[in-house]
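Peer 1: Before anything else, here's the structure in question.
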Amino acid sequence: MFDVAKVRKDFPILEEQVYGKRLVYLDNGATTQRPLQVIEKMNEYYLKYNSNVHRGVHFLSNKCTDANEEAREIVRKFIHAGSDKEIIFTRGTTESINLVAFSFGEAFIREGDEILVTEMEHHANIVPWQMLCERKGAVLKVLPFNDKGELDLSQLDTLLTPRVKLVGVAYVSNVLGTVNPVKELIGRAHRIGAKVLVDGAQAVQHIPIDVQALDCDFFVFSGHKLYGPTGVGVLYGKEDLLNRMPPWQGGGEMIKEVHFEKTTYNELPFKFEAGTPDFIGVIGLGEAIRYVESLGLPEIAVYEQQLLDYAMERMRQVPAMRIFGEAIRKSSVLSFALGEIHHSDTGILLDKMGIAVRTGQLCAEPVMQHYGVTGMVRASIGMYNTSEEIDLFCEGLHRVAKMFKLA
Ligand code: PMP
Numbered sequence: 182m183f184d185v186a187k188v189r190k191d192f193p194i195l196e197e198q199v200y201g202k203r204l205v206y207l208d209n210g211a212t213t214q215r216p217l218q219v220i221e222k223m224n225e226y227y228l229k230y231n232s233n234v235h236r237g238v239h240f241l242s243n244k245c246t247d248a249n250e251e252a253r254e255i256v257r258k259f260i261h262a263g264s265d266k267e268i269i270f271t272r273g274t275t276e277s278i279n280l281v282a283f284s285f286g287e288a289f290i291r292e293g294d295e296i297l298v299t300e301m302e303h304h305a306n307i308v309p310w311q312m313l314c315e316r317k318g319a320v321l322k323v324l325p326f327n328d329k330g331e332l333d334l335s336q337l338d339t340l341l342t343p344r345v346k347l348v349g350v351a352y353v354s355n356v357l358g359t360v361n362p363v364k365e366l367i368g369r370a371h372r373i374g375a376k377v378l379v380d381g382a383q384a385v386q387h388i389p390i391d392v393q394a395l396d397c398d399f400f401v402f403s404g405h406k407l408y409g410p411t412g413v414g415v416l417y418g419k420e421d422l423l424n425r426m427p428p429w430q431g432g433g434e435m436i437k438e439v440h441f442e443k444t445t446y447n448e449l450p451f452k453f454e455a456g457t458p459d460f461i462g463v464i465g466l467g468e469a470i471r472y473v474e475s476l477g478l479p480e481i482a483v484y485e486q487q488l489l490d491y492a493m494e495r496m497r498q499v500p501a502m503r504i505f506g507e508a509i510r511k512s513s514v515l516s517f518a519l520g521e522i523h524h525s526d527t528g529i530l531l532d533k534m535g536i537a538v539r540t541g542q543l544c545a546e547p548v549m550q551h552y553g554v555t556g557m558v559r560a561s562i563g564m565y566n567t568s569e570e571i572d573l574f575c576e577g578l579h580r581v582a583k584m585f586k587l588a
């Protein structure tokens, strides 16, 4: 059984007050909090071992290098990749996608080729592809979703032409919470020879991942949404594919030999890790994964699903509530509007009650355009949230509705 009271003890920030009110943190989709275990591990490395990785012969450097590579192995196991060479550390999801858009684009995208993304992507999984299309004269295509927030797979046959070289899809939408049928998408994309990048930014903290079972070509995520530090993320890519892609950034560590006439490049994964990495962040990410695994992702998922169902049920009782995204498979993200109340007004009023939510376009303007709204309010659940917090949140919503006479 998942023991939320025990888990909360590891996150002292959850006991903080804001404006003299108990903090109810429901902005986990933007970033999660970090447990003491992660903070202490990073502190330990800063205080006792800090030294640059992969370069030194001395004790401290070796200590950090070992911990950095141990974290790589932890990540590999966490997403069930076949080899450490397939785990590249980046600054986050955004950087991982930009790396692929540049490097895969250089190797494989020609004029007239097509890239397919879905209508519900985060800007991070749209803009790098647009930039690539502009550079190469390629074309960006879009797979739409219906009003429930589910992808319209009936359009796939038309959209998946042999010109499509890459499909970019979020495993879980950061606005609608939809858990997309990525395995089916991957299978169908592969049939026409396209590669698939899965944006796992909103998935890894809720759903066990097996990149080999999914058979995705790339899988990306950020540490800070997985109870780990900011400034570190992961790019998984199939080894043979990564080997056929050129380096993205040049500099130290990504080279084998440097001569003014010609430079040769390091092996995977280092070919894609130019410069000093955020190794203490990487070590922190490893610790975050260790922490999550000690609780059990399947157990976390069951608990969060109960909370989500409870929250949906209670939210539906609030007058003039409009929930965006009611897919059959939905995870942890609750975006909504209260009547005609501006999203930032709702957000500000909730904030004054101690309730932290996100408002605005949620880095997904096309989703806003789909529903014809300028923005939404988003509550997003983490494993440490409780049904009491959902109650406080929904009481807050009732109060806002009352202030605006929606009842
Ligand atoms: N994709 C999705 C689905 C996200 O939710 C986010 C973060 N909001 C990103 C990409 C970008 O992640 P980061 O800002 O950590 O690079």
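For any residue, its number in my numbering is found by taking its place in the sequence shown, counting from 1, and adding 181.
Cβ coordinates follow ideal geometry from the N, Cα and C atoms, glycine included.
The structure displayed is predicted, hence computed values, not measured ones.
1) What are the uninterrupted segments assigned as alpha helix (DSSP H) that are 4 or more residues long and contained completely in the segment 260-348, given in chain order?
2) Between which two residues does the alpha helix (DSSP H) carrying Y484 extend?
3) Quick check: the segment 424-440 against the segment 402-409, are there 3 or more CB pairs under 8 Å?
4) Considering only the beta carbon of each residue, do R510 and V392 sit closer than 7 Å?
5) Of the residues G431, D396, Q386 and V356, which one's Cα is nearest the Cα of R539?
6) Taking three-plus beta-carbon pairs below 8 Å as touching, is the segment 412-424 in contact with the segment 362-374?
7) Between which two residues does the beta strand (DSSP E) containing V377 stretch?
8) In angstroms with no decimal places, state the Cα-to-Cα distance between Y143 and E474.
9) Do the segment 537-555 and the segment 205-212 meet, that is, are 3 or more Cβ pairs less than 8 Å apart?
10) Distance, Cα to Cα, P458 vs K346?
11) Check whether the Cβ atoms of E468 and Q214 lie closer than 7 Å to each other.
12) Tell me the start and end of each unbroken beta strand (DSSP E) in the segment 426-487 that is at least 3 residues and wholly inside, in chain order.
13) Cβ of M557 within 7 Å of Cβ of S512?
14) I need the residues with a C-beta less than 5 Å from some heavy atom of ligand 1; please give them in chain order.
15) Which of helix, strand or coil does DSSP assign to L241?
16) Rounded to whole angstroms, how far is the Cβ of L476 from the Cβ of V188, which I believe are closer than 8 Å?
17) Which residues bound the beta strand (DSSP E) around A560?
18) For the segment 516-561, list the alpha helix (DSSP H) runs that are entirely contained and at least 4 residues long, ordered along the chain.
19) Quick check: the Cα distance between L488 and E569, rounded to an integer number of angstroms?
20) Q198 by DSSP, collapsed to three states: which one?
21) Taking only the alpha-carbon atoms, compute the straight-line gap between H523 and V554 and give it to the nearest angstrom.
22) Count the other C-beta atoms from every protein chain shown that fall within 10 angstroms of the C-beta of G577, then say buried if there are 16 or more, exposed otherwise.
23) Which residues does DSSP pair with T411 in a beta bridge?
24) Who are the near neighbours of E507 in its chain, counting only those whose CB is closer than 7 Å to its CB and skipping five residues on each side?
25) Using DSSP with H/G/I as helix, E/B as strand and the rest coil, what is T246?
26) Measure the alpha-carbon distance for L321 versus N231 and round it to whole angstroms.
27) Bridge partners of V219, per DSSP?
28) What is the DSSP secondary structure of L416, reduced to helix, strand or coil?
29) Tell me, please, which residues DSSP counts as bridged to F399.
30) Looking at F585: is its Cβ nearer than 7 Å to the Cβ of Y552?
31) Please report the distance separating the alpha-carbon of L332 from that of V377.
32) Spatial neighbours of G156 within its chain, please: CB distance less than 6 Å, with the 5 preceding and 5 following residues excluded, ordered by chain position.
33) In whole angstroms, what separates the C-alpha of I194 from that of G465?
34) Pull up the distance between the alpha-carbon of N424 and that of A560, whole angstroms please.
35) What separation, rounded to the nearest whole angstrom, lies between the Cα atoms of P479 and K443?
Peer 2: Short version:
1) 274-289, 308-317 and 337-340
2) L478 to M496
3) no
4) no
5) The residue among G431, D396, Q386 and V356 with its C-alpha nearest the C-alpha of R539 is V356.
6) Fewer than three beta-carbon pairs drawn from the segment 412-424 and the segment 362-374 are found closer than 8 Å, and the two stretches are therefore not classed as touching.
7) That run of the beta strand (DSSP E) goes K376 to D380.
8) The displayed coordinates of the chain run from 182 to 588. Any statement about residue 143 would go beyond what the structure contains.
9) The segment 537-555 vs the segment 205-212: in contact.
10) C-alpha separation (whole angstroms): 30 Å.
11) no
12) 436-439 and 444-446
13) Against a cut-off of 7 Å, the Cβ pair of S512 and M557 comes out as no contact.
14) G273, T274, T275, H303, A305, A351, N355, D380, A382, Q383 and S403
15) helix
16) 7 Å
17) M557 to S561
18) 524-533 and 546-552
19) Cα-Cα distance, rounded: 10 Å.
20) strand
21) Using only the alpha carbons, I get a separation of about 10 Å.
22) buried
23) Answer by DSSP bridge pairing: none, since T411 is not bridged.
24) K329 and G330
25) helix
26) Rounded to whole angstroms, the gap between the alpha carbons of L321 and N231 is 44 Å.
27) Answer by DSSP bridge pairing: none, since V219 is not bridged.
28) Three-state DSSP puts L416 in a strand.
29) L378 and G418
30) no
31) 16 Å
32) The structure shown does not extend to residue 156, since the chain is modelled only from 182 to 588, so the question has no answer here.
33) Straight-line Cα distance between these residues: approximately 18 Å.
34) 40 Å
35) 50 Å
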